[in-house]
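21 is the number of the first residue of the sequence shown in the working numbering; add one for each residue after it.
Structure record follows, encoded as structure tokens.
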Amino acid sequence: AQALSLSAWPWRLCPRHASAPHGQRRQRRLRAVARATSGRHRRRRRAMRGASGRVPGLITGLDGAGAARRLQSLGPLAVVAGTGPGSSRRAAGSAADGGWEQDETAPFGRGWASAAGNLFKAGPPGRRGGVSTPPRLLGALALLRDPRELDGEGLGRAASAAARAGLDDDAWWQSFKARARELAPHLALHDASHVLNGMARARQIDKELVELLLPRISSHLVYLTSAHLSMLASAIAKAEVHDARFTAALTRELKARLMEFHSPMEITMIVNAASKLRVTDDDLYRRFVIHIQKQMGQEAFHVRDISVVVQALARVQFADTSTMAKFTDCAVQTLPQATPLELARLLHACMSVGCVVDDFFTACVLHSREQAMTMDPSGLSGAAYAFGQCFEVAQISHLRYLRKIFRNIRLARPTYPCSWRRKLAGNRLQHGLGREPA
């Protein structure tokens, strides 16, 4: 960059070089570039060799004990640089305060992560003395790495961040649960809703913690917002904790505050939770259906939310043919974004009440055929299991659609990952079958 800047200098405007020949001007430019680059390289080499007076606080040529003593005298801002490939750095680190590697890999330390490498796997060894860089917790978890030091608000943020990042480290979750049980008597209800919701999303729900919080939650539901009430009810339902007092309080609260639930996510969570908590109030579900259909006229519901709602209504046997037909009409808008599980939920709910919507069922068959063309073996098996449950409630008029779906699954050519392809090719060659034709 410096050479380009010197070559681009307007030499013709300089009075000193205006009358010089072209060859002399070129030689002068080259000499200026050589002087600038050689001086910069000399300063860099001297700094790397540890020349005196160049870098203040530089430690060179010391063994482990000498480096440790020098570190203690200079303080925490001292710079450590070894003459060999990382020898003084490692020696000084091992002698002073337990060493760099020990601090980085300590439980819940700065560079702590799962020993099994479930979330963040260690990359190739680094080039600093051959020491591999330890894996780290990234994002919000980097600041919330040790649950033992968190308060109620910090536990809520850590649970949400861990569920969002997909953290499945058992040691971290066990420490998190122990800290949550310790703070349970003094945990604020809005923090408890975030804690339980994050644990439920990560499939790490603690039934003991739910039972500890349930008495205080049941007596203070009136102080919760609609979002916090939805998260709490959904987490308690996933924990499979059935308490008559909480169910009665939740039913009373929902009847009084049903119009506060506006977003599709809140409505989906609370309807699904009420059905799983065995709420048996028919008037409440009737008002739910009216409120949901009114909200669908104002805001588009995703097929994912609609599938959960119709499944919840079918679970409590509070749905008829006309209600299901209205829900299927709303689901057609986002049907191309549905997963096989969501399609199976919609079909199962419609078939359980004897609803036959030819256009919607045909669209489901066509969409399942497009999905089956790009599925791997595990996806095909999951789709077959989900659609197979529809046979339990299907009527004769529904069988032709299910047969078409399973025909698409049976004729689909699975897309194997590279590791699966190598394994299958090795098995075919081992058994004398030859390579699979392209």
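A virtual CB, placed ideally from N, CA and C, is assigned to each residue, including glycine.
These numbers come from a predicted model, not from an experiment.
With contacts defined as CB atoms closer than 8 Å, Pro284 and Asp349 fail to qualify as a contacting pair. Assigned with DSSP and collapsed to three states, Arg51 falls in helix. Per DSSP, Ser283 lies in no alpha helix (DSSP H) segment and is marked neither H nor E.
Here Ile287 is buried, its C-beta having at least 16 other C-beta atoms within 10 Å. By the Cβ neighbour-count rule, Val242 is exposed, with fewer than 16 other Cβ atoms within 10 Å of its own. In the three-state DSSP reduction, Met393 falls in the coil class, being neither helix nor strand.
Sequence-distant Cβ neighbours of Met289 in its own chain, meaning closer than 6 Å and more than five residues away, are Ser250 and Ser254. Runs of the beta strand (DSSP E) lying entirely within the region 351 to 423, each at least 3 residues long, are absent. For the set Asn217, Pro397 and Ile312, the Cα lying nearest the Cα of Arg430 is the one of Pro397. For Ala181, the uninterrupted alpha helix (DSSP H) run begins and ends at Gly172 to Ala185, by DSSP. A straight-line Cα-Cα distance of about 22 Å links Gln331 and Ala268. In the DSSP assignment, Tyr243 falls outside any alpha helix (DSSP H), carrying neither H nor E. Taking a 10 Å sphere around the C-beta of Arg168, we find fewer than 16 other C-beta atoms and assign the residue as exposed.
A check of alpha carbon separations from Ala432 across Phe411, Gln391, Leu419 and Ala364 identifies Gln391 as the nearest. Contact check for Leu244 against Leu234 fails: the beta carbons are separated by 8 Å or more. A Cβ-Cβ contact shorter than 8 Å links Leu175 with Ala200. Annotation: Glu202 to Ala212 spans about 13 Å, alpha carbon to alpha carbon. In the three-state scheme derived from DSSP, where H, G and I count as helix and E and B as strand, Phe266 is classed as helix.
The Cβ atoms of Phe266 and Ser238 sit closer than 8 Å to each other.
Between Cys410 and the set Ser401, Ser372 and Arg389, the nearest pair of CA atoms involves Ser372.
Taking a C-beta distance under 8 Å as the contact criterion, Ala414 and Pro360 do not qualify as a contact pair.
Burial state of Leu400 is buried, judged by a 10 Å Cβ sphere holding 16 or more other Cβ atoms.
Around the CB of Arg221, 16 or more other CB atoms lie within 10 Å, so the residue is classed as buried. Distance between Ala364 and Lys346, taken at the CA atoms: about 18 Å. Taking C-beta separations shorter than 6 Å and ignoring five residues to either side along the sequence, Thr300 has no partners in its chain.
Sorting Leu50, Met219, Phe426 and Asp171 by C-alpha distance to the C-alpha of Ala208 places Asp171 at the top.
In terms of CA proximity to Asp379, Gln353 leads the group Met395, Glu362, Gln353 and Thr394.
With fewer than 16 other Cβ atoms inside 10 Å of its own Cβ, Gln47 counts as exposed. Of the residues assessed, Ala182 falls on the buried side of the cut-off, its CB having 16 or more other CB atoms within 10 angstroms.
Counting only runs of 4+ residues, the alpha helix (DSSP H) found wholly inside the region 285 to 357 occupies 302 to 318, 323 to 335 and 341 to 351, in chain order. For Ala339, same chain residues with a beta-carbon under 6 Å away, outside a window of 5 residues either side, are Leu333 and Val373 in chain order. Less than 8 Å separates the beta-carbon of His214 from that of Ala179.
For Leu297, the closest alpha carbon among the candidates Phe196, Arg51 and Asp263 is that of Asp263. With 16 or more other CB atoms across the displayed protein chains lying within 10 angstroms of its CB, Ile256 is buried.
Per DSSP, the unbroken alpha helix (DSSP H) holding Ile237 starts and ends at Lys227 to Ser239.
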